[in-house]
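Input: a single structure, listed below in structure tokens.
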Amino acid sequence: MTRQIDYRRRALDEVLLEGYLTLSELPRTREVVVADSGAPVDVRLVFNEDAQRRVVLTGRVQTTLVLACQRCLQPTEKAIDADVAGIVVAGDEAAAAVPRAWEPILAEGDMLDVHALVDDELLLALPMTVQCDRPQCRAAYDNDTEQETPEDRPAREKPNPFAALASLKRDDDRSR
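Numbering-wise (the working numbering), the sequence shown opens with residue 2 and increments by one.
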């Protein structure tokens, strides 16, 4: 897949850009994963122009990444499916003018770095927490964090915050 493209020309031609990237072509995503799954990064991008002649980019990025489980620290595969939807702009001033419904996608002049865009989208689509489905990991985690439910909890009396005042009252009654 071509790294740099003229996004305006692609929008005028209403081009569908499809292809595959490897993890080695995405340096920032490669730093986050613990191993290369070998799965290709499937990229599908559509370039169009809207009524104001802005370049609208929509599409999808899909792959499987090997990430570290945050419970057992073992590698686990996670499917990543990121929707891409934004308006391509050439600078910060143009980005500030993008309607709130869209995300600005920064390009360098007239050229858009597709690899950097895919790298960004994958990083944004990473799960907040990664947990594997291994039975041993799940069992160890579930046992450590077992929470009592209201049904499991025995009826406990709450301590009376005024109990100390009762003892003071008794002491006062005795002194009379």
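We treat Cβ as the ideally placed atom computed from N, Cα and C, and that holds for glycine.
Let me know the secondary structure DSSP gives residue i once reduced to three states.
| i | result |
| --- | --- |
| Arg31 | helix |
| Val119 | helix |
| Asp134 | coil |
| Leu127 | coil |
| Glu15 | coil |
| Arg54 | coil |
| Ala91 | coil |
| Lys170 | helix |
| Arg4 | coil |
| Leu74 | coil |
| Arg139 | helix |
| Ala83 | strand |
| Ala36 | strand |
| Arg10 | helix |
| Ala69 | strand |
How many whole angstroms separate the CB atoms of residue i and residue j, which I take to be in contact at a CB cut-off of 8 Å?
| i | j | result |
| --- | --- | --- |
| Thr30 | Asp120 | 5 Å |
| Trp103 | Ala86 | 7 Å |
| Val47 | Leu17 | 5 Å |
Using only the alpha-carbon positions, how far apart do residue i and residue j sit?
| i | j | result |
| --- | --- | --- |
| Asp145 | Gln137 | Legend: pLDDT at Asp145 = 49, less than 50; position of this residue unreliable, value from coordinates given subsequently. Near 12 Å, if we compare the C-alpha coordinates of Gln137 and Asp145. |
| Ile6 | Val89 | 12 Å |
| Pro41 | Ala141 | 33 Å |
| Arg72 | Asp134 | 11 Å |
| Glu15 | Arg9 | 10 Å |
| Val34 | Lys159 | 49 Å |
| Thr23 | Ser38 | 10 Å |
| Cys70 | Leu127 | 13 Å |
| Met2 | Val131 | 30 Å |
| Arg101 | Asp93 | 15 Å |
| Asp43 | Glu78 | 16 Å |
| Leu113 | Ala95 | 15 Å |
| Glu147 | Ala164 | Bear in mind that a pLDDT of 49 at Glu147, under 50, signals an unreliable position, so the model cannot answer this. |
| Asp111 | Glu122 | 20 Å |
| Asn49 | Ser25 | 29 Å |
Given a cut-off of 8 Å, decide if residue j and residue i are closer than it, judged by their beta-carbon atoms.
| i | j | result |
| --- | --- | --- |
| Val67 | Ala12 | no |
| Pro76 | Ala36 | yes |
| Ala91 | Ala108 | yes |
Relative to the alpha-carbon of residue i, which residue among the options has its alpha-carbon at the smallest distance?
| i | options | result |
| --- | --- | --- |
| Val99 | Glu32, Leu46, Asp51 | Asp51 |
| Glu19 | Leu123, Asn161, Val115, Arg139 | Val115 |
| Glu32 | Arg61, Leu124, Asp111, Leu17 | Leu124 |
| Leu74 | Arg139, Ala165, Ser168, Asn161 | Arg139 |
| Arg45 | Arg54, Thr64, Gln53 | Thr64 |
| Tyr21 | Arg61, Ser168, Leu166 | Arg61 |
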